[in-house]
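> This structure is in structure tokens; I'll ask about it shortly.
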Amino acid sequence: VNTEKNIVIIGCGASGGTAAQFARKTDRKTSITIFEKNGYSQYSKCGLPYAISGIIPQLDNLIEFNEEWFKKQNINLLLNTIVEKIDIKNRIVTAKKANTAIEKSYDSIIICTGAKPFIPPVKNINVEGVYVLRSIDDAKKIKSFIKKGKNAVIIGAGLIGLEMADNLYKMGMKITLIEAFPEILPNTIDKDMSEIIYRDITKKITVLTNHLLTNVESINGKISKTIMKNKITGNEEKIPADLMIIAAGTKPEVLLAEEIGCKIGNTGGIIVDEKCQTSIPNVYAVGDCTEYKDFVLGKPMLVGLGSIAVRQGITAGVNAAGGNHKLLKGFLQTSTSEFFDWEIASVGLPSKYLGDKNILSGKFNGSSLPEYFPGGKPITIKLLVDEKDGLILGAQAVGDKAAQRINTFAAAILGGINVETMRKLETAYAPPIAPTLDAVTLVCDIVSMKIERKNR
Ligand SMILES: Cc1cc2nc3c(=O)[nH]c(=O)nc-3n(C[C@H](O)[C@H](O)[C@H](O)COP(=O)(O)OP(=O)(O)OC[C@H]3O[C@@H](n4cnc5c(N)ncnc54)[C@H](O)[C@@H]3O)c2cc1C
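One point on numbering: in the working numbering, the residue at position 322 of the sequence shown is 322, and numbering is uninterrupted.
Here it is as structure tokens:
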């Protein structure tokens, strides 16, 4: 075995595990060591809400690559081992397993430390029954507090908040979903789009937008009430709570990177280039601990998606092993989810984040199949286009096959295809599958016509 080259990976989440795999694919001989502070091999965090409700039968089913798998790949995975120090002068990583210190020299290091959940600075929040959802251990705690007919309060109406609301609702809990923004899904789609879902889910659960968590009441160390402030009226409201889940975003875990002097951006994430290199030679960083440019805005943003963490992991793994891999010039931020039987998807940012762009938008609302064919489902697509050049800035979809339709717009943004060309896109047609003119091109028609009318 060629042990001349040592790659050390810190963290075995989506990005770290992927980096190890692609380093191995690139170089069959290089020595690869992963240090992971928790006791689990690489698993899907994205599946946690479904393993809590039992749609995925066991939490262990989420493990995608077990210890045995890493062993077969000749990757040295050390679980329950926390990296405490990186010595960049002598290129040595110091880790600790139980009370034993482990030293490992490196040629390249990949920091994959992920993110930690943001916990609102609220009094009395450290009580039983208040949990975040980031790990299998968090999921176990949440599971033990689920009881039919009891009250669950969820803080944050983003993708994870809504996924949890749906899964706990399916288990018979009474749900109150709290959001500080005036709308649900504030970082994914525009208000006029999320209202389609809001109107429907409020028949099943209580949704309080424009509300801030201010305090928690407990009895015998267990949560009993959640106290909220209505941002509009200033009134305080108390909501009974047997379980509270905080899904209010994350903060990048950058302590080790900061200590060795890696440049940290204004977002709080580690700055990396298109090869996933940090500002320190031979030190790469990937996943939720990093920031990277948004494709459309060119502005650095935090990376909070598993899909992106995996893409970065591939790039850093290949490069650390001597290959030459580059990311796209920015992230498209394509995302999707499904809750309360609504599929949603988006590419790019909601309008409110697009700054000084002159946005022309259009919305199409129709059926996923020809009107005469039974079984058509509603689909709404909103397109955001730059008035200047007709280039697509973002797209949002709610309804049938939203993700597939949004993937088409992701390709258009990546390829710089403007709305005028997109309206002529030949989409596949057969009555049981899609109409002759799909919602994808019909929304482009609407926006193109707006541009034509403006220029007339
Ligand atoms: C409930 C939930 C649902 C999600 N759903 C989706 C989805 O549907 N689609 C999507 O794209 N994304 C989704 N995400 C986001 C996605 O899971 C993350 O973007 C992804 O896990 C990030 O991977 P990562 O490797 O950067 O970080 P992590 O997966 O957080 O891994 C970081 C690892 O580093 C370890 N570590 C940290 N510090 C040290 C240290 N000093 N020493 C050793 N080990 C250390 C940690 O223990 C951890 O295992 C979801 C996230 C959650 C929580």
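All C-beta atoms, glycine included, are put in the ideal place defined by N, C-alpha and C.
Owing to the predicted nature of the structure, the values given are computational and were not obtained by experimental measurement.
Got a sec? Which residues, its chain only, sit under 8 Å from I270 by beta carbon, not counting five neighbours each side?
I111, P252, V254, A257, C262, K263, I264, T278, A285, C289, T290, E291.
> Does DSSP classify E128 as helix, strand or coil?
If DSSP states are grouped into helix, strand and coil, E128 belongs with the strands.
> Rounded to whole angstroms, what's the CA-CA distance from A428 to T436? Just pull it up for me.
Looking at the two C-alpha atoms, the distance is approximately 8 Å.
> Taking the alpha helix (DSSP H) that E183 falls in, what are its first and last residues?
Run containing E183: none; DSSP gives neither H nor E here.
> Looking at M244 and T226, is the spacing between their C-beta atoms short of 8 Å?
Yes, Cβ-Cβ distance for T226 and M244 is below 8 Å.
> Does the region 307-314 come within contact of the region 371-384, defined as at least 3 CB pairs closer than 8 Å?
Counting Cβ pairs under 8 Å, fewer than three are found: no touch.
> Classify Y284 as helix, strand or coil using the three-state DSSP reduction.
Correct three-state label for Y284: strand.
> Using a threshold of 8 Å, state whether the C-beta atoms of N187 and P350 are closer than that.
Result yes, Cβ atoms of N187 and P350 sit closer than 8 Å.
> Could you tell me the distance, in whole angstroms, from the CA atom of A98 to the CA atom of K293?
Those two C-alpha atoms are separated by around 39 Å.
> Since V207 and Y106 are thought to touch, with beta carbons under 8 Å apart, how far apart are those beta carbons, to the nearest angstrom?
At roughly 49 Å, the Cβ-Cβ gap does not stay under 8 Å, so V207 and Y106 are not in contact.
> Y292 lies in the beta strand (DSSP E); which residues open and close that run?
Element bounds for Y292: 290-293.
> Is it true that the CB of L133 sits closer than 8 Å to the CB of I160?
Result yes, Cβ atoms of I160 and L133 sit closer than 8 Å.
> Please return the same chain residues whose Cβ sits closer than 7 Å to the Cβ of L125, not counting the five positions on each side in sequence.
The amino acid at residue 125 is misidentified as Leu; the sequence shows Ile. The residues are I119, V216.
> Assuming T466 and P300 form a contact by the criterion Cβ under 8 Å, report the distance between their Cβ atoms to the nearest whole angstrom.
In the structure as shown, the chain begins at 1 and stops at 456. Residue 466 is therefore absent and cannot be evaluated.
> Considering only residues of the same chain and omitting the five flanking positions on each side of N2, which have a CB-CB separation below 6 Å?
Unreliable positioning characterises N2 in this predicted model, as indicated by a pLDDT of 45, which lies under 50. A coordinate reading is not provided.
> Please report how far the alpha carbon of A410 lies from the alpha carbon of I189, in whole angstroms.
Straight-line Cα distance between these residues: approximately 15 Å.
> Sort Y131, L79, K401 by Cα distance to S41 and report the nearest one.
Cα-wise, what sits closest to S41 is L79.
> Run through DSSP, which three-state label would S361 get?
Three-state result, S361: strand.
> Measuring only the C-alpha atoms, how far is L213 from K231?
Cα to Cα, the separation comes out at about 10 Å.
> Mark T100 as exposed unless 16 or more other C-beta atoms lie within 10 angstroms of its C-beta, in which case mark it buried.
Answer is exposed; the Cβ neighbour count stays below 16.
> Report the CB separation of A14 from G287 in whole angstroms; it is logged as a contact under 8 Å.
Right, their Cβ atoms sit about 7 Å apart.
> Does the contact criterion of 3 or more C-beta pairs under 8 Å hold for the region 58-71 versus the region 80-88?
No, the region 58-71 does not touch the region 80-88.
> With DSSP as the reference, identify every bridge partner of S108, one or two as the case may be.
In the DSSP output, where bridge partners are listed per residue, S108 has I7.
> Expressed to the nearest angstrom, what Euclidean distance is found between the alpha-carbon atoms of K461 and M422?
The structure shown has nothing for residue 461, since the chain only spans 1 to 456.
> Could you spell out where the beta strand (DSSP E) holding I381 opens and where it closes?
From DSSP, the beta strand (DSSP E) with I381 extends over 378-386.
> Can you list, in chain order, the residues of its chain with a C-beta nearer than 6 Å to that of L327? Leave out the 5 residues immediately preceding and following it.
Once the five neighbours on either side are set aside, the close Cβ partners of L327 are E274, T315.
> For Y131, I'd like the list of residues in its chain whose CB is within less than 8 Å of its CB, leaving aside the five on either flank, ordered along the chain.
If we look at Y131 and ignore the five residues flanking it on each side, its Cβ neighbours are D138, K141, I142, F145, L243, M244, I245, I246.
> Taking the alpha carbon of G39 as the point to measure from, which residue in S31, I10, I136 has its own alpha carbon closest?
The shortest Cα separation from G39 among S31, I10, I136 belongs to I136.
> With distances taken from CA atoms, which of E259, T202, K45 is nearest L305?
Closest option to L305, Cα to Cα, is K45.
> Does the Cβ of E183 have 16 or more other Cβ atoms within 10 Å, making it buried, or fewer, making it exposed?
Classification of E183: buried, given that the 10 Å Cβ count is 16 or more.
> Buried or exposed: where does D166 fall if 16 or more other Cβ atoms within 10 Å of its Cβ makes it buried?
Label assigned to D166: buried.
> Kindly list the residues whose CB is nearer than 8 Å to the CB of K148, restricted to its own chain and excluding five residues on each side of it in sequence; keep chain order.
Within the same chain, K148 has close Cβ partners M171, G172, M173.
> Looking at ligand 1, does it come within less than 7 Å of L243, judged from the CB to the closest heavy atom?
Incorrect: L243 has no Cβ contact closer than 7 Å to ligand 1.
> Entirely within the region 144-176 and at least 4 residues each: give me those alpha helix (DSSP H) ranges in chain order.
Runs of the alpha helix (DSSP H) inside the region 144-176: 159-170.
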